[in-house]
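Just so you know, the sequence shown maps onto residues 927 to 1129 in my numbering.
Yeah, the Cβ is synthetic: ideal placement off N, Cα and C, and Gly gets one too.
Nothing here was measured: the structure is a model prediction, and the numbers come from that model.
Structure first, then comments.
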Amino acid sequence: MTKNDNIYPIFDSMLSRRDKEELLGQHSVMVWFTGLSGSGKSTIAIALERELHKRGLLCRILDGDNIRSGINRNLGFSAEDRVENIRRIAEVSKLFIDTGIITIAAFISPGNDIRQMAADIIGRENFLEIYVSTPLEECERRDVKGLYARARRGEIKDFTGVSAPFDVPASPALTLDTSVLTLEECVNRLLELVLPKIQKREI
Ligand code: ADP
């Protein structure tokens, strides 16, 4: 018996995304929110997750709280670190997608370049870019975390929308302006887009 006779290809390959999707009874997809601070990304992400969960669909939200305090806690806000922040988020998202899980990311991700990098890592066919287009004036009026006031006082530099640019996405899958739409309307539009892609058809 040669050494090769001991290799059983069927047993030594990892189960595939398709196997996991089969187990979960769903198709995975990346829902990638982009928009200014306070535009509504996290609020909509949380409401979307609840609606999908109610329908028996397994999701994972990635946001500033669980990423910046954990896997990316060694990163700051330099240009280099912002790219690395998104690169790691995209790699982690890919692991969830490959596990069959509907993955929802809520990060400002202000540049076309970093969003493209994320889409390339995750796979364009999996990537739904959702632009939360709430105007700066409205985000600043809400000033949920008091960050705009601090940025205007010069206490935070390179703050997106105030002292750092935001590239408007060229062709998002969906645009949601929360100064015009209610939270429920935002979620309903998302469900219309996402449900046909993630619900498994009965065979
Ligand atoms: P981001 O994650 O983009 O920084 P947040 O979700 O933390 O934004 O904050 C958005 C704020 O806007 C919340 O206080 C939320 O209650 C408020 N808001 C008002 N209308 C809407 C809406 N239609 N959709 C989402 N958020 C809304």
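Length of the line joining the Cα atoms of Ile-1129 and Pro-1061:
Here Ile-1129 scores only 46 on pLDDT, less than 50, and its place in the model should not be relied on; the value that follows carries that caveat. When rounded, the distance between both Cα atoms is 45 Å.
Short check: CB of Pro-1095 to CB of Glu-1055, under 7 Å?
Contact: yes.
For my contact list, Gly-964 and Val-1113 are in at a C-beta cut-off of 8 Å; report their separation, rounded to the angstrom.
Their Cβ separation, rounded to whole angstroms, is 18 Å, which puts Gly-964 and Val-1113 out of contact at 8 Å.
Hey, would you say Ile-1012 sits closer than 7 Å to Cys-985, going by beta carbons?
The answer is no: Cβ separation not under 7 Å.
Shortest alpha-carbon distance to Gly-1087 belongs to which of Ser-1097, Pro-1098 and Ala-1075?
Checking every option, the nearest Cα to that of Gly-1087 belongs to Ala-1075.
Those runs of the alpha helix (DSSP H) which lie wholly inside the segment 1017-1097 and span at least 4 residues:
Runs of the alpha helix (DSSP H) inside the segment 1017-1097: 1038-1048, 1062-1068 and 1073-1078.
Which first and last residues belong to the alpha helix (DSSP H) in which Val-1120 is found?
Counting along the chain, the alpha helix (DSSP H) containing Val-1120 begins and ends at 1109-1124.
Pick helix, strand or coil for Ile-1129, following the three-state DSSP scheme.
Interpretation of Ile-1129 is limited by its pLDDT of 46, a score under 50 that renders its predicted location unreliable; no figure is taken from the coordinates.
Between Arg-1041 and Leu-1107, what straight-line distance do the alpha-carbon atoms span, to the nearest angstrom?
The straight-line gap from Cα to Cα measures roughly 24 Å.
Across the segment 953-961 and the segment 990-999, are there enough close Cβ pairs to call them in contact, namely three or more that are closer than 8 Å?
With the cut-off at 8 Å, the segment 953-961 and the segment 990-999 do not touch.
Determine the direct distance from the alpha carbon of Arg-943 to that of Ile-1023, and round the result to whole angstroms.
Whole-angstrom Cα-Cα distance: 8 Å.
Please confirm whether any heavy atom of ligand 1 lies closer than 6 Å to the CB of Gly-966.
Flag set: Cβ of Gly-966 near ligand 1.
Under the three-state DSSP convention, the category Asp-1103 falls into:
Under the three-state reduction of DSSP output, Asp-1103 falls in the coil class, being neither helix nor strand.
Which whole-angstrom value is the C-beta distance of Phe-1033 and Ile-1048, which I expect to be below 8 Å?
With a contact defined as Cβ atoms closer than 8 Å, Phe-1033 and Ile-1048 miss out at about 13 Å.
Give a yes or no on whether the C-beta atoms belonging to Gly-966 and Thr-1104 are separated by under 7 Å.
Result yes, Cβ atoms of Gly-966 and Thr-1104 sit closer than 7 Å.
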